Amino acid sequence: MEKYPLISIIIPTYNGSKNIHRAITSILNQTYPNIEIIVVDDASKDNTVEVVEQIKDSRIKLLKHKENKNGAAARNTGIKESKGEYIAFLDDDDEWLPEKLMKQMRYLNAKDSKEWKAALTGRSTIINGKKKNGLFDREGDLRITIYMMQRPLGMGSSLLISKDAVNEIGFFNEKYYRNQDVEYVLRYLRKYKLAVLPDHLVLGFGASGIPSGDKLVEVKNILLKDFEEDINGFGTKQAKKIYARHWLQVSKHYALDGNIKQTFHYLFKSLSYTILFSNKLKIVPLANYPAIFYYLLKAIITGEKSQDRFAKGDI
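Right, dumping it as structure tokens:
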């Protein structure tokens with residue numbers, strides 16, 4: 054007889070009144086029968102709390118921060134209140150397909166629980182009615198894949214993790230205002246393997262806080278410093294590839310902002326890590342360069358910033 058251990062689903066939200074009902078409804082429609090829903094409102098200024106309170110279901114618990122912190126803090130509040138043997142996370146502007154938890158639990162439980170304690174699923178993004186599926190064809194020790202940003206894993210709304218693993222690796226790092234899920238999973242991967250169910254069972258809609266170049270630099274400096282020992286542990290060549298990829302991404306975001314000086318500063322910084330390699334274009338693929346110049350030129354001409362253009366589906 055199949056067992057259904059309790060899964061605690063945590064939804065961090067801030068000013069999410071437009072989408073939170075859709076997110077919660079997608080959880081209530083899950084075929085997996087044993088769940089609790091913990092909505093953590095991070096001191097919203099809109100009517101998010103009222104929208105949640107209107108959904109009458111005994112499985113929903115609403116927690117409210119008195120002051121705005123960040124998504125990591127909201128997730129930690131939810132973790133502290135959770136009673137499940139497993140924990141899953143859903144962003145307030147995403148939703149799950151009905152079979153998400155059932156398929157994910159079965160997929161994870163088919164593996165050795167001593168090595169595999171968390172799983173992701175595929176994710177689709179819908180912008181202006183157009184659906185784009187992420188590519189998920191790897192699992193296990195995904196540290197290099199994540200560091201090299203080779204797959205759009207979309208972990209914030211697809212992660213399912215056992216409570217014992219959470220107890221071992223600790224809470225989300227609250228100094229991260231972005232990449233909180235990346236930082237958390239990278240710490241998890243120091244100890245365990247990550248399962249990836251390729252089915253696209255998470256739906257994301259439109260833009261989701263595309264950062265400016267300045268904001269991205271701040272996050273990169275924190276992430277690359279915190280995981281410097283891990284990255285360098287892969288060897289000099291692999292480490293240089295990782296750093297080259299990250300600073301190229303920063304250059305791209307400055308291009309999207311129309312910031313000429315910083316675009317070229319971080320482009321050259323990225324290239325400085327590839328000097329020793331004959332196969333530079335495999336480390337930093339050729340397609341990235343015309344894209345950077347295209348984004349920079351268009352931002353200068355139109356005056357549109359990254360968030361505006363992503364929302365229109367131009368990125």
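Residue numbering for the sequence shown is 54 to 368, as defined by the numbering used here.
From the three backbone atoms N, C-alpha and C, an ideal C-beta is built for every residue, glycine too.
Since this is a predicted model, take the numbers as computed values, not measurements.
Straight-line Cα distance separating S325 from E134: Numbered from 1 along the sequence shown, position 81 holds the residue referred to as residue 134. Numbered from 1 along the sequence shown, position 272 holds the residue referred to as residue 325. Their backbone Cα atoms lie some 47 Å apart in a straight line.
Run of the alpha helix (DSSP H) containing I328, from where it starts to where it stops: Position 275 of the sequence shown, counted from the first residue, corresponds to residue 328. Taken as a continuous stretch (DSSP letters only), I328 belongs to no alpha helix (DSSP H), as it is neither H nor E.
Bridge partner(s) assigned by DSSP for S177: By one-based count along the sequence shown, residue 177 stands at place 124. N186 and L256.
Helix, strand or coil at I222 according to DSSP, with G and I counted as helix: If you number the sequence shown from 1, residue 222 lands on position 169. Correct three-state label for I222: helix.
Through-space distance from D283 to I354, alpha-carbon basis: Position 301 of the sequence shown, counting from 1, holds the residue named residue 354. Position 230 of the sequence shown, counting from 1, holds the residue named residue 283. Each residue's alpha carbon lies about 41 Å from the other.
Beta carbon of L276 nearer than 7 Å to that of Q157: For the purposes of this step, residue 276 is identified with residue 223 of the sequence shown, where counting begins at 1. For the purposes of this step, residue 157 is identified with residue 104 of the sequence shown, where counting begins at 1. In this structure, Q157 does not lie closer than 7 Å to L276 by Cβ.
Outcome for L350 when other beta-carbon atoms lying within 10 angstroms are tallied against a minimum of 16: Locating residue 350 in the sequence shown gives position 297, where the first residue counts as 1. Exposed, since its Cβ has fewer than 16 Cβ neighbours within 10 Å.
Residues bridged to P65 [DSSP beta-bridge criterion]: The count along the sequence shown starts at 1 and reaches residue 65 at position 12. Paired residues: V93.
Selection from M54, K109 and I345 that minimises the alpha carbon distance to K305: Position 252 of the sequence shown holds residue 305. Checking every option, the nearest Cα to that of K305 belongs to I345.
Which residues DSSP lists as bridging W300, in chain order: Taking the first residue of the sequence shown as 1, we reach residue 300 at position 247. BP columns for W300 are empty, so no partner.
Where the beta strand (DSSP E) through Y139 begins and ends: Here residue 139 corresponds to residue number 86 of the sequence shown, with the count starting at 1. Start and end: Y139 to F142.
Where the beta strand (DSSP E) containing E271 begins and where it ends: For the purposes of this step, residue 271 is identified with residue 218 of the sequence shown, where counting begins at 1. Per DSSP, E271 belongs to no beta strand (DSSP E); it is in the alpha helix (DSSP H), G266 to D279.
Residues of its chain near A127, where Cβ-Cβ distance is below 6 Å and the 5 sequence neighbours each way are ignored: Taking the sequence shown and counting its residues from 1, one reaches residue 127 at position 74. If we look at A127 and ignore the five residues flanking it on each side, its Cβ neighbours are P65, V93 and D95.
Residues sharing a beta bridge with L116, DSSP: Looking up residue 116 in the sequence shown gives position 63. Note: L116 sits in a beta bridge opposite V93.
Check whether M155 and T84 have beta carbons under 7 Å apart: If you number the sequence shown from 1, residue 155 lands on position 102. If you number the sequence shown from 1, residue 84 lands on position 31. Cβ atoms of M155 and T84: closer than 7 Å.
Cut-off 8 Å between Cβ atoms - residues of its own chain near L242, not counting five sequence neighbours on either side: In the sequence shown, the residue the question calls residue 242 occupies position 189. Correct list, in chain order: D194, L195, R196 and I199.
Nearest residue (CA-CA) to L143, options S79, N123, N220 and E281: Walking along the sequence shown from the start, residue 143 turns up at place 90. Nearest of S79, N123, N220 and E281 to L143, Cα basis: S79.
Per-residue DSSP class, three states only, for P251: To locate residue 251, count along the sequence shown from 1; it is residue 198. Reduced to three states, the DSSP call for P251 is strand.
Of the residues A218, L301 and K119, the one placed nearest Q315, counting alpha carbons only: Position 262 of the sequence shown, counted from the start, is the residue given in the question as residue 315. Ranking A218, L301 and K119 by Cα distance to Q315 puts L301 first.
N-terminal and C-terminal residue of the alpha helix (DSSP H) that D234 is part of: Here residue 234 corresponds to residue number 181 of the sequence shown, with the count starting at 1. Its alpha helix (DSSP H) spans residues Q233 to Y241.
Pick from G187, A297 and T130 that is closest to G207, judged by C-alpha positions: Position 154 of the sequence shown, counted from the first residue, corresponds to residue 207. Cα-wise, what sits closest to G207 is G187.
DSSP-derived helix/strand/coil call for L350: As a first step, residue 350 is located in the sequence shown; it is residue number 297 there, counting from the start. Looking at L350 - three-state DSSP - the assignment turns out to be helix.
Three-state secondary structure (DSSP) of K365: As a first step, residue 365 is located in the sequence shown; it is residue number 312 there, counting from the start. For K365, the pLDDT reaches just 46, beneath the cut-off of 50, and the residue's location in the model is therefore unreliable, leaving the point undetermined.
Sequence-distant residues of its chain with Cβ nearer than 6 Å to R253 (five each side left out): Stepping through the sequence shown from its first residue, residue 253 is reached at position 200. According to the sequence displayed, residue 253 carries His and not Arg. The residues are G175, S177 and N186.
Buried versus exposed, by CB contacts within 10 Å (16 or more), F321: As a first step, residue 321 is located in the sequence shown; it is residue number 268 there, counting from the start. So F321 counts as exposed.
When N226, L213, Y347 and Y57 are compared against N312, the one with the closest alpha-carbon: By 1-based counting over the sequence shown, the position of residue 312 is 259. Cα-wise, what sits closest to N312 is Y347.
Residues bridged to K246 (per DSSP): On the sequence shown, position 193 is the one that residue 246 refers to. DSSP output for K246 lists W169 as bridge partner(s).
G356 versus P264 - alpha carbon distance: For the purposes of this step, residue 356 is identified with residue 303 of the sequence shown, where counting begins at 1. For the purposes of this step, residue 264 is identified with residue 211 of the sequence shown, where counting begins at 1. For G356 and P264, the distance between alpha carbons rounds to 16 Å.
Residue environment, R298, which counts as buried when at least 16 other CB atoms sit within 10 Å: Locating residue 298 in the sequence shown gives position 245, where the first residue counts as 1. It is buried - the Cβ of R298 has at least 16 other Cβ atoms within 10 Å.
DSSP bridge partner residues for L213 (one or two, in chain order): Counting from one through the sequence shown, the residue named residue 213 turns up at place 160. L213 pairs with A141 and A172.
Cβ-based burial, S323 [other Cβ within 10 Å; buried from 16]: By one-based count along the sequence shown, residue 323 stands at place 270. S323 comes out buried.
CB contact flag (D165, G69, <7 Å): For this step, residue 165 is matched to residue 112 along the sequence shown. For this step, residue 69 is matched to residue 16 along the sequence shown. No, the Cβ-Cβ distance between D165 and G69 is not below 7 Å.
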